[in-house]
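**Student:**
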């Protein structure tokens, strides 16, 4: 039996918990932190129990932004406390946006670097995927998109979510949780263009379930109306988004709106990606895509207009579960590499 310590990484988000061991195991679970912050430790402990046995825990987080906390620092401290409780005394490290792995005690003192750290771990890991001196990462998740410049042998500097929003490297749009009305100011309906009601009636998950990009799930009720993520229920939610009942809104109408919304979301991301590339000063030598929205990332890459630039899919290179949990996988690998280098 190997004496090499085994790491398990957890990426603690506001809506999902993701774990990976860097060796192929990866799992994601919906956990709405803002609804149940007191249940975080128990939820993490359950995921640790289901994962391959590990000696050490390493964590990144974005959940500190959840509005159950008064501010981000309070969120970081609460998440660190839950992490230590769930770790049950195991060796635990926290990833900072400075690229360091530190104890929870140090992370408390540097809460501004402990929050919103998963993107930095992913970018640091993916520089090893580059087939050129520079590249571009598009990681599209359930809620947000990271569009990051990659430079071989270079670690990105620390940056806050606000700074990344300003630069275009963070876009608050994803393929599951984003409200439909946040993507579409207007919507087509039988030859008319309607102003989109600004109500939380449907999400982009409904769009991609209708189009077949995301699978149906009759058990998962993490939707706008807390009904299942099936095509029938998604059609009803899309209809409700324009105040229509079934007799006024058929499957064809749902497909029309879904295609329009998908195109609009892709256009938003293309515009942001073009801005990031412009800041790079030259087009990327390769593009890496990952996340639950890899299918959308590939469409964005096509629309960027770099047909001769290779596109690397984390799902194809590793696996779909790893791509879905890419920051956690990256974090586990980085932790193991850091320990090996220090040995």
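In my numbering, the protein residues as written are 5 to 347.
For every residue, glycine included, the Cβ atom is placed at its ideal position computed from N, Cα and C.
1. Just verifying my parser: in three-state terms, what is the DSSP assignment at residue 225?
2. Hey, residue 246 and residue 198: beta-carbon distance below 7 Å or not?
3. Is residue 5 helix, strand or coil when you go by DSSP?
4. Does residue 29 come out as helix, strand or coil in the three-state DSSP assignment?
5. Take residue 412 and list the residues in its own chain whose beta-carbon comes closer than 7 Å to its own, dropping the five residues that flank it on each side.
6. Decide if the segment 169 to 176 is in contact with the segment 215 to 224; the criterion is three or more beta carbon pairs, one per stretch, under 8 Å apart.
7. Less than 7 Å between the C-beta atoms of residue 118 and residue 62, yes or no?
8. DSSP state of residue 220, grouped into three classes?
9. My guess is that residue 285 and residue 328 are in contact by the Cβ rule of under 8 Å, so how many angstroms apart are they, rounded?
10. Classify residue 122 as helix, strand or coil using the three-state DSSP reduction.
11. If you measure between the beta carbons of residue 211 and residue 265, is that distance less than 7 Å?
12. Let me make sure I understand the geometry here. Which of 168, 115, 226, 268 has the alpha-carbon closest to that of residue 190?
13. Please list the terminal residues of the continuous beta strand (DSSP E) segment that includes residue 195.
14. Report the residue from 165, 123, 102 whose alpha carbon sits nearest the alpha carbon of residue 69.
15. For a quick check, are the C-beta atoms of residue 111 and residue 152 less than 7 Å apart?
16. Would a C-beta distance cut-off of 7 Å place residue 101 and residue 121 closer than the cut-off?
17. If distances are taken between C-alpha atoms only, which option among 209, 169, 147 comes closest to residue 220?
18. To the nearest angstrom, how far is it from the Cα of residue 193 to the Cα of residue 35?
19. Would you decide whether residue 158 is buried or exposed? Buried here means 16 or more other CB atoms lie within 10 Å of its CB.
20. Alpha carbon to alpha carbon, how far is residue 56 from residue 274?
21. Answer with buried or exposed for residue 88, where buried requires no fewer than 16 other C-beta atoms within 10 angstroms of its C-beta.
22. Apart from the five residues on each side of it in sequence, which residues of its chain come closer than 7 Å, Cβ to Cβ, to residue 18?
23. How is residue 158 classed by DSSP in three states: helix, strand or coil?
24. Report the start-end ranges of each beta strand (DSSP E) in the segment 49 to 78 that is 3 residues or longer and not cut off at the edges.
25. Please classify residue 335 as buried or exposed, where buried requires at least 16 neighbouring CB atoms within 10 angstroms.
26. Here's the rule: buried if 16 or more other CB atoms are within 10 angstroms of the residue's CB, otherwise exposed. What is residue 256?
27. Going by DSSP, name the residue or residues bridged to residue 95.
28. If you check the beta carbons only, do residue 11 and residue 76 fall under 7 Å apart?
29. For residue 283, which option in 147, 139, 313, 347 has the closest C-alpha, if you only look at C-alpha atoms?
30. Just checking my contact of residue 188 with residue 207 at CB under 8 Å: how many whole Å lie between their CB atoms?
31. If we ignore side chains and look at the alpha-carbon of each, how far apart do residue 22 and residue 201 end up?
32. The alpha helix (DSSP H) that contains residue 165, what's its start and end?
**Tutor:** Taking the coordinates as given:
1. Counted from its first residue, the chain shown places residue 225 at position 221. Coil.
2. Here the question's residue 246 lines up with position 242 in the chain shown. Here the question's residue 198 lines up with position 194 in the chain shown. Annotated as proximal: residue 246 and residue 198, with beta-carbon spacing under 7 Å.
3. Within the chain shown, residue 5 is the residue found at index 1, counting from 1. Reliability of the predicted coordinates at residue 5 is poor, the pLDDT of 38 falling under 50, and the value obtained from them is presented with this limitation in mind. The answer is coil: DSSP assigns residue 5 none of H, G, I, E or B.
4. Looking up residue 29 in the chain shown gives position 25. Reduced to three states, the DSSP call for residue 29 is coil.
5. Absent from the model: residue 412. The displayed extent of the chain is 5 to 347, so no value can be given.
6. no
7. Counting from one through the chain shown, the residue named residue 118 turns up at place 114. Counting from one through the chain shown, the residue named residue 62 turns up at place 58. It is not a contact, given that the beta carbons lie outside the stated cut-off.
8. Your numbering for residue 220 matches position 216 in the chain shown. The answer is coil: DSSP assigns residue 220 none of H, G, I, E or B.
9. Here residue 285 refers to the residue found at position 281 of the chain shown. Here residue 328 refers to the residue found at position 324 of the chain shown. Not confirmed; about 32 Å, so no contact.
10. Residue 122 sits at position 118 when you count from the first residue of the chain shown. In this structure, residue 122 counts as helix in the three-state DSSP scheme.
11. Locating residue 211 in the chain shown gives position 207, counting from the first residue. Locating residue 265 in the chain shown gives position 261, counting from the first residue. A contact, by the Cβ cut-off of 7 Å.
12. Along the chain shown, read from residue 1 onward, the residue named residue 190 stands at position 186. Of the listed residues, the one whose Cα sits closest to residue 190 is 268.
13. As a working mapping, residue 195 is identified with position 191 in the chain shown. Residue 195: not part of any beta strand (DSSP E); DSSP gives it neither H nor E.
14. Position 65 of the chain shown, counted from the first residue, corresponds to residue 69. Nearest of 165, 123, 102 to residue 69, Cα basis: 165.
15. Mapped onto the chain shown, residue 111 falls at position 107. Mapped onto the chain shown, residue 152 falls at position 148. Not a contact, by the Cβ cut-off of 7 Å.
16. The residue labelled residue 101 in the question sits at position 97 within the chain shown. The residue labelled residue 121 in the question sits at position 117 within the chain shown. Yes, these two residues count as a Cβ contact at 7 Å.
17. The sequence position of residue 220 within the chain shown is 216, counting from 1. Answer by Cα proximity: 209.
18. Start at 1 with the first residue of the chain shown, and residue 193 comes out as number 189. Start at 1 with the first residue of the chain shown, and residue 35 comes out as number 31. Approximately 35 Å between the Cα atoms of the pair.
19. If you number the chain shown from 1, residue 158 lands on position 154. Flag for residue 158 reads exposed.
20. Locating residue 56 in the chain shown gives position 52, where the first residue counts as 1. Locating residue 274 in the chain shown gives position 270, where the first residue counts as 1. Straight-line Cα distance between these residues: approximately 39 Å.
21. Mapped onto the chain shown, residue 88 falls at position 84. Buried, since its Cβ has 16 or more Cβ neighbours within 10 Å.
22. Mapped onto the chain shown, residue 18 falls at position 14. These residues qualify, in order along the chain: 37, 38, 66, 67, 69, 70.
23. As a working note, residue 158 is residue 154 in the chain shown. If DSSP states are grouped into helix, strand and coil, residue 158 belongs with coil.
24. 60 to 65
25. Numbered from 1 along the chain shown, position 331 holds the residue referred to as residue 335. By the 10 Å Cβ count, residue 335 comes out buried.
26. Taking the chain shown and counting its residues from 1, one reaches residue 256 at position 252. Exposed.
27. Numbered from 1 along the chain shown, position 91 holds the residue referred to as residue 95. 60, per the DSSP bridge assignment.
28. Locating residue 11 in the chain shown gives position 7, where the first residue counts as 1. Locating residue 76 in the chain shown gives position 72, where the first residue counts as 1. The criterion of a C-beta distance shorter than 7 Å is not satisfied by residue 11 and residue 76.
29. What you label residue 283 is simply residue 279 of the chain shown in a count that begins at 1. Relative to the Cα of residue 283, the nearest Cα in the group 147, 139, 313, 347 belongs to 139.
30. Taking the chain shown and counting its residues from 1, one reaches residue 188 at position 184. Taking the chain shown and counting its residues from 1, one reaches residue 207 at position 203. Contact doesn't hold; Cβ gap of about 12 Å is too wide.
31. For the purposes of this step, residue 22 is taken as residue 18 along the chain shown, with counting starting at 1. For the purposes of this step, residue 201 is taken as residue 197 along the chain shown, with counting starting at 1. Answer to the nearest angstrom: the Cα atoms are 33 Å apart.
32. The residue labelled residue 165 in the question sits at position 161 within the chain shown. From DSSP, the alpha helix (DSSP H) with residue 165 extends over 165 to 171.
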